[in-house]
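Protein chains in written order, with full-length UniProt numbering: chain A, 1 to 367; chain B, 1 to 367.
Every residue, glycine too, gets a C-beta built ideally from N, C-alpha and C.
Report on the following structure.
Protein chains: 2
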Amino acid sequence: MAFMITTASSITMNSSPYPNYMTSSKFGCIPGAMHEHERIKLKQASSWSLQFKAPMKVNATKVDAIDWSMVDPKKESPNMVSDLRVERMIHDDSIFQEIFCIRLYEVGPDETASIETLMNHLQETTANHMKKSGLMHDGFGFGSEEMSKHNLTWVMAKIQMIVDRYPIWGDIVQMETWKAAHGKNGVCCNLTLHDCKTGEILVRASSYWVMMNTKTRKLSKFPNEVRAKLEQIYVDKPPLIEQDTRTWSKSEEKINEHICKGLKPRWSDLDINQHVNNVKYVGLILESVPKTIIENYEIHSMTLDYYREFTKDNILQSFTSILTNNSDETSNYDIVDCQHLLRFDIDGDNSNIMKGRTRWRLKQGNK
Amino acid sequence: MAFMITTASSITMNSSPYPNYMTSSKFGCIPGAMHEHERIKLKQASSWSLQFKAPMKVNATKVDAIDWSMVDPKKESPNMVSDLRVERMIHDDSIFQEIFCIRLYEVGPDETASIETLMNHLQETTANHMKKSGLMHDGFGFGSEEMSKHNLTWVMAKIQMIVDRYPIWGDIVQMETWKAAHGKNGVCCNLTLHDCKTGEILVRASSYWVMMNTKTRKLSKFPNEVRAKLEQIYVDKPPLIEQDTRTWSKSEEKINEHICKGLKPRWSDLDINQHVNNVKYVGLILESVPKTIIENYEIHSMTLDYYREFTKDNILQSFTSILTNNSDETSNYDIVDCQHLLRFDIDGDNSNIMKGRTRWRLKQGNK
């Protein structure tokens, strides 16, 4: 076969990195569902936005209403970067919206926003939603006052993402997010990214968050007072993207494998939680993706499972296996599937840090 | 001596990385001036803003005027991240202002914006000012239509920066910039960063830009049509920060030197110019700064001279010398001076990529 096709029968159902907390979810993996990477199922935002009467499409009038009086219209040029960012809660605080602009330092050599940029914005919107809901406060690190009492902080356990189109420098985009319970001790954050000019949905994502004790660095149950706050904003809907619960396939592990050893985190990789931020894992995984793929393809969809945290002092190995039956990865496939592994590069400790899958499509111009 | 004190007599006057273009500037180094790192002289923004009647202090009314109608006031919490970003030209297009918010992924373990974040925002504002002045256009990479005809792009040659206070997550800040000629083939971009809430100036910077031919990768003179456009927006004032033209001091090179070899750029370090972005040089320099300094001190001022570009395929060495006469860098000095060198780690090619100086002060809480 040219690309990996996995049927329901081959799916390991209990593959969550945090089985005690995550797999009991009523929104978790659905027995019998197809989990092909190419067919990560979308619960269309539009279908349930109608039910909630929430403005899932960007309201162009609202965007235009942003204080243009500050800008002298005589001086406007057609190529001006119309850059602004506002946020608001809608529908009884269950949906949170944020508008912002893609910046020059967020785009790569091909002039489109990087996958890390999109993940940064997803993370920012998720955090601001929590902040606005009282689940995160200034002065308490990355958590609420109640979480701080128990030395707890938020960490991401899993993310699934589908990118239909990458925005470019100067594009004004709107992130929209809503949260659902994921088992007793997990939160599923659903996010969409729209182009404010066209209304087009660019990115869809579902990420799963749990709590970690900052002293023991172990996962923790949700304190009752935190759960009570969360339940006020939960939307009782399944994840936007159906969970892909496949594990790293050993049978495919040896197909055209690429390894990058001795990877070292930088100071700038550390976040407010004193560890390497989950977004940086993606950059480390990309280090083992062959140049020919990076330069000619772009990530269309991605599933990342986070198992361990690490810091500046750790040295890592990054693995990428290309899931084709052809050893020549430079062939002009329209789609390339990869699986990834990030683990410690320490004598006696090769523990897994992250496992993931990516589907790449040819960039425009390479077709 | 405890810290490096350099007098005017010891300054090498012609130390610009691009001597053909940069040193003929009428705003260049001033003979006889003191160039101590601790006394980088500030041309106070306030002194000449009065002359221009430009609102150098943030106008709180303007900030408040930004479409708060989008946000339901009943839902406002005191800890809401009031996040927005607008831009405008003032004073006949000679001064450009941009308001934005510090995001979670832009702060480090100590919860303040990183030095790279500040440099990213300086770069973004500089680029947007050029874009708005017709000196940079979408579809022509990092340059204008006229530059594109000559295969030219903008590159930064030098930056000097003084940080009075680092903003934190959620802070709304305003960047303000104006440009001056720097010799015939250089532009000096002057920038200040204000806290929108307090009006306090947080950061001052002067950066110097030249043009590079994207085919030959060599520096280029300014085409006449580009110079004509630039001259329309130039402000005939000296740089905000007086140029520090000292070279790497060989006599101090061996004092308490720290080396980090085998540094590899990542895919995410590459920018629209297909090379490692100038902001990423800082992250690579920080890799050779001892942990005890990174954790206990913060950069107060910085001068970086850029000599060469490099890409993902290059391997680098980063050097930091601590300029004290005490070999124990963990001593509780209030101020620590360092000099830095970034160069290729290639057999037969140890060319310098960047030289720099930093002054660090104890973080709050470590005093």
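Inset, instruction - Inspect the beta-carbon positions of D305(A) and K158(A) and report whether they are closer than 8 Å. - result: yes
Inset, instruction - Would you please verify whether the beta carbon of D236(A) is less than 8 Å from any beta carbon of chain B? - result: no
Legend entry - Cβ separation of R359(A) and H300(A), assumed to be a contact under 8 Å, to the nearest whole Å: 5 Å
Legend entry - Nonlocal neighbours in the same chain, by C-beta distance under 6 Å from L118(A), ignoring five residues either side: V203
Inset, instruction - Report the residue from I241(B), I335(B) and D345(B) whose alpha carbon sits nearest the alpha carbon of F319(B). - result: D345(B)
Inset, instruction - Could you check if D244(B) is buried or exposed, using at least 16 other CB atoms within 10 Å of its CB as the buried criterion? - result: buried
Inset, instruction - Evaluate T216(A) with the Cβ neighbour count: other Cβ atoms within 10 Å of its Cβ, from every protein chain shown; 16 or more gives buried, anything less gives exposed. - result: exposed
Legend entry - Beta carbon proximity, N277(A) to chain B, threshold 8 Å: yes
Inset, instruction - Within its chain, find whatever has a CB closer than 6 Å to the CB of H137(A); leave out the 5 residues flanking it on each side and keep chain order. - result: S144 and E145
Legend entry - Reduced DSSP category for H258(A) - H, G, I as helix; E, B as strand; rest coil: strand
Inset, instruction - With DSSP as the reference, please indicate the residues paired to T192(B) in a beta bridge. - result: E176(B) and R204(B)
Legend entry - Among I259(B), D195(B), L341(B) and A181(B), the one whose alpha carbon lies nearest that of I353(B): L341(B)
Inset, instruction - For V235(A), name the three-state secondary structure that DSSP assigns. - result: coil
Legend entry - Selected residue, minimal CA-CA separation from E257(A), among V289(A), F96(A) and E309(A): V289(A)
Legend entry - Where D269(B) falls, given that 16 or more other Cβ within 10 Å makes a residue buried: buried
Inset, instruction - Under 8 Å between beta-carbons, which chain A residues line up against Y105(B)? List them in chain order, please. - result: N120, Q123, E124, D271, N277 and V279
Inset, instruction - Identify the contact partners of A127(B) in chain A, using a Cβ-Cβ distance below 8 Å as the criterion. - result: L104
Inset, instruction - Check H35(A) in the structure and name its three-state DSSP category. - result: In this predicted model, H35(A) has a pLDDT of only 39, less than 50, meaning its place in the structure is not dependable; the value taken from the coordinates is given anyway. Correct three-state label for H35(A): coil.
Inset, instruction - State the DSSP-derived secondary structure class of K221(A), mapped to helix, strand or coil. - result: coil
Legend entry - Straight-line Cα distance separating Y307(B) from Y208(B): 13 Å
Legend entry - Assigned exposure category for T112(B) - 16 Cβ within 10 Å defines buried: buried
Legend entry - I172(A) beta carbon less than 8 Å from that of C189(A): no
Inset, instruction - Let me know if D236(A) comes out buried or exposed under the rule of 16 or more other beta-carbons within 10 Å of its beta-carbon. - result: exposed
Inset, instruction - Out of Y333(A), F310(A) and D337(A), point me to the one whose CA is closest to S351(A)'s CA. - result: F310(A)
Inset, instruction - Output yes or no for whether 8 Å exceeds the beta carbon distance between Y105(B) and Q123(A). - result: yes
Legend entry - Separation of R343(A) from T198(B), as counted between CA atoms: 46 Å
Legend entry - Limits of the alpha helix (DSSP H) - the one that T320(A) falls within: Counting along the chain, T320(A) falls outside any alpha helix (DSSP H), though it belongs to the beta strand (DSSP E) covering L316 to I322.
Legend entry - Integer Cβ distance of Q317(A) from L263(A), believed to fall under 8 Å: 7 Å
Legend entry - Limits of the unbroken alpha helix (DSSP H) element including E145(B): E145 to K149
Inset, instruction - Spatial neighbours of M130(B) within its chain, please: CB distance less than 6 Å, with the 5 preceding and 5 following residues excluded, ordered by chain position. - result: M136
Legend entry - Length of the line joining the Cα atoms of E156(A) and N278(A): Note on identity: in this sequence residue 156(A) is Met, with Glu being the wrong assignment. When rounded, the distance between both Cα atoms is 7 Å.
Legend entry - Nearest to F96(B) (by Cα), restricted to the options N120(B), N128(B) and H121(B): N128(B)
Legend entry - Neighbourhood of Y234(B) by C-beta, 8 Å cutoff - its chain only, sequence neighbours within 5 removed: S94, K179, A180 and A181
Legend entry - Beta-carbon neighbours of L286(A), restricted to chain B and to distances below 9 Å: R266, W267 and S268
Legend entry - Member of T177(B), E242(B) and S220(B) whose CA lies at the smallest distance from the CA of T153(B): S220(B)
Inset, instruction - Ignore the nearest five residues each way along the sequence and tell me which others in A60(B)'s own chain have a CB closer than 6 Å to its CB. - result: Interpretation of A60(B) is limited by its pLDDT of 29, a score under 50 that renders its predicted location unreliable; no figure is taken from the coordinates.
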